[in-house]
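First residue of the sequence shown: 0, per numbering that gives the first Met the number 0; consecutive thereafter. All C-beta atoms in this analysis are idealised placements derived from N, C-alpha and C, irrespective of residue type, glycine included. These numbers were taken from a predicted model, which means no experiment stands behind them. The structure appears below as C-alpha coordinates.
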Amino acid sequence: MKKILILIFSVICISGCNVLSSFDTFEPIEGKVVSDNKEYTMIIGDFGWVEEDFEANKKSLLDKKGLADEFDTLELEKGTKIKIEFDESPLSLKMSEEGEDGIINSIDIREDEITLPTNEGYYIYEVNAKWDEGNISYVFDVNIK
(Lines of atoms letter the chains of each structure in order from A; the text may use other names.)
(Lines give C-alpha, C1' and ligand atoms only; values in the text may rest on other atoms or scores of the structure.)
Protein backbone atom coordinates (compact mmCIF):
# COMPACT_ATOMS: atom_id res chain seq x y z
CA MET A 0 0.00 0.00 0.00
CA LYS A 1 2.84 2.34 0.88
CA LYS A 2 4.43 1.79 -2.56
CA ILE A 3 1.15 2.66 -4.30
CA LEU A 4 0.82 5.91 -2.33
CA ILE A 5 4.41 6.86 -3.17
CA LEU A 6 3.76 6.07 -6.85
CA ILE A 7 0.55 8.16 -6.91
CA PHE A 8 2.26 11.05 -5.11
CA SER A 9 5.18 10.90 -7.59
CA VAL A 10 2.84 11.01 -10.59
CA ILE A 11 0.97 14.00 -9.16
CA CYS A 12 4.21 15.88 -8.47
CA ILE A 13 5.62 15.18 -11.94
CA SER A 14 2.36 16.19 -13.64
CA GLY A 15 2.17 19.39 -11.61
CA CYS A 16 5.76 20.29 -12.42
CA ASN A 17 5.12 20.00 -16.16
CA VAL A 18 2.25 22.49 -15.99
CA LEU A 19 4.27 24.88 -13.87
CA SER A 20 7.30 24.68 -16.12
CA SER A 21 5.18 25.76 -19.10
CA PHE A 22 4.01 28.83 -17.20
CA ASP A 23 7.45 29.58 -15.76
CA THR A 24 8.99 29.62 -19.24
CA PHE A 25 6.18 31.68 -20.83
CA GLU A 26 7.27 34.96 -22.32
CA PRO A 27 4.82 37.26 -24.13
CA ILE A 28 5.43 37.89 -27.82
CA GLU A 29 8.00 40.64 -28.26
CA GLY A 30 7.04 43.71 -30.28
CA LYS A 31 9.51 46.06 -31.92
CA VAL A 32 9.59 49.50 -33.48
CA VAL A 33 11.94 49.68 -36.48
CA SER A 34 13.44 52.94 -37.75
CA ASP A 35 16.51 53.29 -40.00
CA ASN A 36 17.05 49.51 -39.75
CA LYS A 37 17.39 49.77 -35.96
CA GLU A 38 15.06 47.76 -33.72
CA TYR A 39 13.67 49.02 -30.42
CA THR A 40 11.72 46.64 -28.18
CA MET A 41 8.37 48.06 -27.07
CA ILE A 42 7.34 47.91 -23.41
CA ILE A 43 4.63 45.34 -22.65
CA GLY A 44 1.64 46.67 -20.73
CA ASP A 45 -1.36 44.44 -20.04
CA PHE A 46 -1.82 40.98 -21.49
CA GLY A 47 -4.05 37.95 -21.34
CA TRP A 48 -2.92 34.63 -22.81
CA VAL A 49 -4.45 31.13 -22.81
CA GLU A 50 -2.82 27.97 -24.12
CA GLU A 51 -3.65 24.29 -23.61
CA ASP A 52 -1.80 23.84 -20.33
CA PHE A 53 -1.84 27.30 -18.74
CA GLU A 54 -3.30 30.78 -18.59
CA ALA A 55 -1.32 33.97 -18.02
CA ASN A 56 -2.69 37.44 -17.24
CA LYS A 57 -0.94 40.65 -16.31
CA LYS A 58 -2.42 44.00 -15.43
CA SER A 59 0.35 46.60 -15.44
CA LEU A 60 0.77 48.65 -12.29
CA LEU A 61 1.90 51.56 -14.48
CA ASP A 62 -0.32 53.69 -16.70
CA LYS A 63 0.60 54.44 -20.31
CA LYS A 64 2.85 57.34 -19.33
CA GLY A 65 4.61 55.22 -16.72
CA LEU A 66 5.23 52.48 -19.28
CA ALA A 67 6.54 55.07 -21.76
CA ASP A 68 9.05 56.18 -19.11
CA GLU A 69 10.45 52.62 -19.19
CA PHE A 70 11.14 52.94 -22.95
CA ASP A 71 14.17 54.86 -24.28
CA THR A 72 12.37 57.70 -26.08
CA LEU A 73 13.07 57.71 -29.82
CA GLU A 74 14.28 61.01 -31.29
CA LEU A 75 12.97 61.12 -34.87
CA GLU A 76 12.28 63.62 -37.64
CA LYS A 77 8.82 64.87 -38.67
CA GLY A 78 7.01 62.54 -41.06
CA THR A 79 9.39 59.60 -40.49
CA LYS A 80 7.99 56.17 -41.39
CA ILE A 81 8.42 53.47 -38.76
CA LYS A 82 7.55 49.76 -38.82
CA ILE A 83 5.84 47.79 -36.08
CA GLU A 84 7.07 44.17 -35.98
CA PHE A 85 6.31 41.10 -33.87
CA ASP A 86 7.98 37.71 -33.43
CA GLU A 87 4.62 36.22 -34.52
CA SER A 88 2.16 38.09 -36.76
CA PRO A 89 -1.00 39.13 -34.90
CA LEU A 90 -4.52 38.59 -36.25
CA SER A 91 -5.33 42.25 -35.69
CA LEU A 92 -3.52 45.39 -34.70
CA LYS A 93 -4.87 48.68 -33.34
CA MET A 94 -2.78 51.70 -32.51
CA SER A 95 -3.32 55.03 -30.80
CA GLU A 96 -1.21 58.16 -30.44
CA GLU A 97 -1.35 60.59 -27.51
CA GLY A 98 0.21 64.03 -27.92
CA GLU A 99 1.39 66.46 -25.26
CA ASP A 100 -2.08 68.04 -25.27
CA GLY A 101 -3.58 64.73 -24.04
CA ILE A 102 -5.63 64.20 -27.21
CA ILE A 103 -5.69 60.54 -28.27
CA ASN A 104 -5.96 59.70 -31.98
CA SER A 105 -6.41 56.34 -33.66
CA ILE A 106 -3.52 55.62 -36.04
CA ASP A 107 -3.86 54.03 -39.47
CA ILE A 108 -1.39 51.15 -39.88
CA ARG A 109 -0.61 50.07 -43.45
CA GLU A 110 1.60 47.07 -44.08
CA ASP A 111 2.83 47.26 -40.47
CA GLU A 112 4.04 50.82 -41.03
CA ILE A 113 2.97 54.24 -39.75
CA THR A 114 4.01 57.78 -40.59
CA LEU A 115 4.86 60.02 -37.66
CA PRO A 116 3.20 63.45 -37.33
CA THR A 117 4.57 66.52 -39.09
CA ASN A 118 4.27 68.55 -35.87
CA GLU A 119 7.14 68.66 -33.41
CA GLY A 120 6.48 67.33 -29.93
CA TYR A 121 6.35 64.35 -27.64
CA TYR A 122 4.00 61.45 -28.48
CA ILE A 123 3.12 58.21 -26.69
CA TYR A 124 1.99 55.27 -28.83
CA GLU A 125 -0.05 52.31 -27.62
CA VAL A 126 -0.25 49.19 -29.78
CA ASN A 127 -2.92 46.56 -29.09
CA ALA A 128 -2.25 43.23 -30.80
CA LYS A 129 -4.55 40.21 -30.87
CA TRP A 130 -3.69 36.55 -31.48
CA ASP A 131 -5.80 33.39 -31.18
CA GLU A 132 -4.30 32.82 -27.73
CA GLY A 133 -4.88 36.32 -26.40
CA ASN A 134 -4.10 40.04 -26.43
CA ILE A 135 -1.04 42.09 -25.56
CA SER A 136 -0.67 45.87 -25.30
CA TYR A 137 2.65 47.59 -25.99
CA VAL A 138 3.86 51.15 -25.43
CA PHE A 139 6.63 53.30 -26.88
CA ASP A 140 7.26 57.04 -27.12
CA VAL A 141 8.76 59.40 -29.68
CA ASN A 142 10.09 62.93 -29.50
CA ILE A 143 9.62 64.50 -32.93
CA LYS A 144 11.98 67.30 -33.88
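Counting along the chain, the unbroken beta strand (DSSP E) around residue 73 starts and ends at 73 to 75. Residue 55 holds the alpha-carbon nearest to the alpha-carbon of residue 133 among 30, 41, 55 and 105. The beta carbons of residue 141 and residue 72 sit closer together than 8 Å. Considering only 37, 34, 38 and 124, the residue with the shortest C-alpha distance to residue 102 is 124. Going by DSSP, residue 140 is part of the beta strand (DSSP E) stretching over 133 to 143.
For the pair residue 118 and residue 100, the Cα-to-Cα distance works out to about 12 Å. Of the candidates 83, 87 and 62, 83 places its Cα closest to the Cα of residue 94.
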